[in-house]
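Chemist: The following block contains the structure, expressed as structure tokens.
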Amino acid sequence: MAKSKKTFSSKPAGGSMIPWLGIAAVIILVDQLTKITIEKMFNYGEELVITSFFNLVLLYNKGAAFSFLSDQGGWQRYFFTGIGVGAALFIVYLLRKHAAQKLFCWSMSLILGGAVGNVIDRMVHGHVIDFLDFHWRGIGHFPAFNVADTAICIGAGLLILDELRRVNK
């Protein structure tokens, strides 16, 4: 009896993971294109006022979300790159195992795309490129972020929603 080979295009757990990897690829592409564009248009620290609460600005983040640990000695580049790669591999495993669970896979695809987008920055530049700057009078500036960060946050929100729906069934 011949053994069947499992491939990424096989239909594990009731569905193909190809669409989910496609969504992640689109996030990575949009993230990298926006970062390349901002780097070509701006000098470091330069900002363009768009509205009374939103600017485009070129900033570099050597830390994690919201510049956490950015003032450390450089070890965080490798640490956060390792976490990103590990998370990406685990997410691919989850997508393969649960490919038929649409909301779960949407969330994982967004998180995967965002994680890989930021890992690319860390590997190529040694830091993550941030450029979206929101601020409010009297409150101040929210830490700058990028498309990858946005995808990760939306994916995390969808993951919570998916779990709440599953628990309430």
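Residue numbers for the sequence shown follow full-length UniProt numbering, beginning at 1 and rising by one. Ideal Cβ placement from N, Cα and C applies to all residues, glycine included. Values in this document were obtained by computation on a predicted structure and should not be read as measured data.
Assuming the contact rule is C-beta atoms closer than 8 Å, residue 130 and residue 146 should be a hit. Round their C-beta distance to whole Å, please.
Modeler: The C-beta separation of residue 130 from residue 146 comes to about 5 Å, placing the pair in contact by the 8 Å criterion.
Chemist: Indicate the three-state DSSP secondary structure (helix, strand or coil) for residue 42 in the structure shown.
Modeler: coil
Chemist: Could you work out which residue in 141, 137 and 102 is closest to residue 18 when comparing CA atoms only?
Modeler: 102
Chemist: Assign residue 18 to one of three DSSP states: helix, strand, or coil.
Modeler: helix
Chemist: Count Cβ pairs between the segment 109-116 and the segment 84-91 that sit closer than 8 Å; are there 3 or more?
Modeler: yes
Chemist: What's the gap between the Cα of residue 90 and the Cα of residue 81?
Modeler: 14 Å
Chemist: Could you give the C-beta distance for residue 47 and residue 56, rounded to a whole number, given that I count them as a contact under 8 Å?
Modeler: 7 Å
Chemist: Please list, in chain order, all residues of the same chain as residue 30 whose beta carbon is under 7 Å from its beta carbon, the five residues on each side excluded.
Modeler: Cβ neighbours of residue 30 beyond the five flanking positions: 147.
Chemist: From what residue to what residue does the beta strand (DSSP E) around residue 129 run?
Modeler: Taken as a continuous stretch (DSSP letters only), the beta strand (DSSP E) holding residue 129 covers 128-136.
Chemist: Kindly give me the distance between the Cβ atoms of residue 136 and residue 53, rounded to whole angstroms, as I take these residues to be in contact under 8 Å.
Modeler: About 6 Å separates the two Cβ atoms, so the contact holds.
Chemist: Within 10 Å of its beta-carbon, does residue 9 have 16 or more other beta-carbons around it, so buried, or fewer, so exposed?
Modeler: At residue 9 the pLDDT is 47, less than 50, meaning the model places this residue with poor confidence; the figure from the coordinates comes in the next sentence. It is exposed - the Cβ of residue 9 has fewer than 16 other Cβ atoms within 10 Å.
Chemist: Would you mind working out which of 21, 50 and 60 sits nearest residue 36, comparing C-alpha positions?
Modeler: 60
Chemist: Specify the secondary structure class of residue 8 as computed by DSSP and reduced to three states.
Modeler: Legend: pLDDT at residue 8 = 48, less than 50; position of this residue unreliable, value from coordinates given subsequently. Here residue 8 sits in coil by DSSP.
Chemist: Could you have a look at residue 98 and say whether DSSP puts it in helix, strand or coil?
Modeler: coil
Chemist: Residue 138 to residue 51, Cα distance in whole Å?
Modeler: 16 Å
Chemist: So is residue 62 buried or exposed if we call it buried at 16+ other beta carbons inside 10 Å?
Modeler: buried
Chemist: So the candidates are 121, 112, 124 and 38; which of them puts its Cα closest to the Cα of residue 159?
Modeler: 112
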